[in-house]
Amino acid sequence: MNTQLAAKVLLVDDETEFIELMSQRLETRGLTVVAVTSGEKAVSEIQDHSFDVAVVDLAMPGIDGIETLKQIKEKRDDIEVIMLTGQATVQSGIEAMKYGAIDFLEKPVDLTVLLEKIRQAKKERMRVLEQKSAEEMKNILKSKSW
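Take the numbering used here: the final residue in the sequence shown is number 269, and no numbers are missing along the way.
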């Protein structure tokens with residue numbers, strides 16, 4: 124197993140067959156996957172569990188992908204989000220990036236491309252967390268009078 128890719132992924136799509144197949148394909152490549160069929164369930168999952176990356180479908184009933192992205196970022200800004208869509212438009216791509224998506228992929232998604240994007244997203248998340256940790260350490264050291 125490639126430890127670089129041992130990411131914990133939240134897969135969010137209202138198409139049950141798609142998430143079942145994609146979950147299996149990602150898990151056979153060493154990823155831990157939690158799959159949910161709505162934005163509401165995704166937001167609930169991130170409150171209770173830690174994820175490196177969320178892969179979120181744009182078009183879903185209930186709260187759509189953009190709203191799901193916003194709520195994920197509001198509650199857990201350290202989770203990197205990759206958006207998936209079957210009907211990509213430049214506008215939806217721009218909107219997703221504006222709200223913090225790290226990437227935007229069209230369905231049917233190439234598994235190799237998705238795996239690479241997940242790897243990049245996890246690497247970016249680790250970089251951001253390390254930077255936050257270093258800043259917190261610097262602030263703690265500044266506050267000490269030794």
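We put the beta carbon where it would ideally sit given N, CA and C, even for glycine.
Mind reading off the beta-carbon distance from A224 to M206? Whole number of angstroms is fine, and I expect it under 8 Å. 5 Å
Residue nearest to S167 in terms of C-alpha spacing, selected from E143, R199, F141 and M183: R199
Collapsed DSSP secondary structure at A182 in the structure displayed: coil
Confirm, please, whether the CB-CB distance from I189 to I177 is below 8 Å. The sequence shown places Ala at residue 177, not Ile. Contact: no.
Can you name the start and end residues of the alpha helix (DSSP H) that A257 belongs to? L234 to S266
Beta-carbon proximity of M145 to S161, cut-off 8 Å: no
Alpha helix (DSSP H) containing E218: first to last residue? V213 to K221
Output needed for D201: all residues of its chain with C-beta closer than 7 Å, excluding positions within five of it in sequence on either side, in chain order. R248, V251 and L252
Confirm, please, whether the CB-CB distance from D233 to E203 is below 8 Å. no
Taking Cβ positions only, does K221 come closer than 8 Å to chain D? Absent from the structure: chain D. Only one protein chain is present.
For the beta strand (DSSP E) containing I205, list its first residue and its last residue. E203 to T208
Straight-line Cα distance separating A129 from A275: Past the edges of the chain, shown from 124 to 269, lies residue 275, and the structure says nothing about it.
Output the distance between the C-alpha atoms of D137 and D180, rounded to the nearest integer angstrom. 8 Å
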